[in-house]
Amino acid sequence: MSFINYAAREINCKLVYYGPGLCGKTTNLQQIYARIDPAAKGKLISLATESERTLFFDFLPLDLGTIRGFKTRFHLYTVPGQVFYDASRKLILKGADGVVFVADSQVERMEANIESLENLEENLVEQGHSLTTLQHIIQYNKRDLPNVVPVADLQSTLNEHNTPWFEASAAKGIGVFETLKGAAKLILTDLKNKMAR
Amino acid sequence: MKDLILLAEDAERLTGALGRLCEEAKGRAAFLVDPNGRLLADSGGAANLDTTSLASLVAGSMAATGSLAQLLGERGFSGLFLEGARAHLYLAVVEGGAILVVVFDGGSSLGLVRFRVKRAIDEVGRILADFAVRDQSGKGPGSARVATELAEITDEEIDNLLSS
Chain P
950 MSFINYAARE INCKLVYYGP GLCGKTTNLQ QIYARIDPAA KGKLISLATE SERTLFFDFL
1010 PLDLGTIRGF KTRFHLYTVP GQVFYDASRK LILKGADGVV FVADSQVERM EANIESLENL
1070 EENLVEQGHS LTTLQHIIQY NKRDLPNVVP VADLQSTLNE HNTPWFEASA AKGIGVFETL
1130 KGAAKLILTD LKNKMAR
Chain D
2 MKDLILLAED AERLTGALGR LCEEAKGRAA FLVDPNGRLL ADSGGAANLD TTSLASLVAG
62 SMAATGSLAQ LLGERGFSGL FLEGARAHLY LAVVEGGAIL VVVFDGGSSL GLVRFRVKRA
122 IDEVGRILAD FAVRDQSGKG PGSARVATEL AEITDEEIDN LLSS
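Taken in sequence, the protein lines are chains P and D.
Count along the first sequence starting at 1, add 949, and that's the number in this note's numbering.
Count along the second sequence starting at 1, add 1, and that's the number in this note's numbering.
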């Protein structure tokens, strides 16, 4: 649900990074935070355990610039990936305008990817959405590692909706901004189309 | 879920209500946050506060608190008080799920803040209900103007925004 503050001429959108544990969701936000102009970002907030696993969420507000006099603000969130934190994932997912599904390309994490994607769909349906209706893109992360599944196989297994996808090595900053821009474009285009109806 | 459009007159009504609450509760600042963590309006006087981060964390706290309530068989907790050494927060849920936040210090008291918040909840609730009625009855002239402006955004403009 986008929030348009006409008084302040701001468009506010919520983008959620979803995916299995240790797939690189927090790393995406850390890389964006490290590389973006300080004037365009707020604080990166991480509610994490002592071992730096996401406990509740990470949050990063970004200002992507102005379009037709409207400031476009994106609130980036990650969910905790570990299976038993499902209640937290549901809370964070509420009101999302779009989702980046971060898949771990390593062959031994394929089952975790499938499980997480199914969990995303279940939680969306519970909230009256689905992957058919909610804007989402897929990031195939960790492409720099040796034991990765070919992209064609990832595509056939994880990209049922034929949504835009990006390869990435988030720890090296590769593909992180392409993913963010891809998601932002989908969300803004969807917003514009909704307003035209 | 519908997109929320806040017009200038809406912002003025909310800011007025929050300003009165802040003054009557002798608070440092008052905010209204949507359940998704976005700041809808503030009372002013919040210049030294990171309202964006506050809004996100307040929504997270209230969401977690709501889930705790359900575990105890409650529909929800209506308020949450966070006590610091100098600054304190009082959070209260408005009809529809928005969260009213008052930041206060030793110049006020929890009793006063709670009392004033209870009254302000009704006023803010009425304003938010007016938005809902307006949205259900089709787009009012203000909302229609905003929708037209946004619908005219071109793909090229979106590409240009993201190319920098």
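Glycine residues also receive a C-beta, built at the ideal position from the N, C-alpha and C atoms.
Everything numeric in this text was worked out from a predicted model, so none of it was measured.
Can you tell me where the alpha helix (DSSP H) with residue 962(P) in it begins and where it stops?
-> Not the alpha helix (DSSP H): residue 962(P) falls in the beta strand (DSSP E), residues 959-967.
The segment 102-116 of chain D / the segment 78-94 of chain D touching (three or more Cβ pairs under 8 Å) = yes
Compare the C-beta of residue 53(D) against all C-beta atoms of chain P and say whether one is closer than 8 Å.
-> yes
In chain order, which beta strand (DSSP E) runs of at least 3 residues are fully inside the segment 23-61 of chain D?
-> 30-34, 40-43
Going by alpha carbons, who is nearest to residue 30(D) out of 45(D), 64(D), 37(D)?
-> 45(D)
Residue 911(P) touches chain D at which residues, Cβ-Cβ below 8 Å?
-> The requested residue 911(P) does not occur in the structure, where chain P is confined to residues 950 to 1146.
Listed by chain order, chain D residues near residue 1010(P) by CB distance under 8 Å = 53, 54, 57
8 Å Cβ cutoff, residue 1083(P) in contact with chain D | no
Integer-rounded CB distance, given that residue 111(D) should sit under 8 Å from residue 235(D) = Shown here, chain D extends from 2 to 165; a query on residue 235(D) therefore has no answer.
Who are the Cβ neighbours of residue 59(D) in its own chain at under 7 Å, not counting the five residues just before and after it?
-> 34, 92, 100, 102
For residue 1028(P), does the three-state DSSP call read helix, strand or coil?
-> coil
List in chain order: all unbroken alpha helix (DSSP H) runs of 4+ residues lying wholly within the segment 967-1023 of chain P.
-> 974-984
Can you name, in chain order, every residue of its own chain whose Cβ lies under 6 Å from the Cβ of residue 974(P), other than the five neighbours on each side?
-> 966, 968, 1027, 1051
Cα separation between residue 68(D) and residue 77(D)?
-> 8 Å
Grab me the residues of residue 955(P)'s own chain with a C-beta within less than 6 Å of its C-beta, minus the 5 sequence neighbours each way, in chain order.
-> none
Among all the DSSP beta bridges, which residues are the ones paired with residue 1052(P)?
-> 1089(P)
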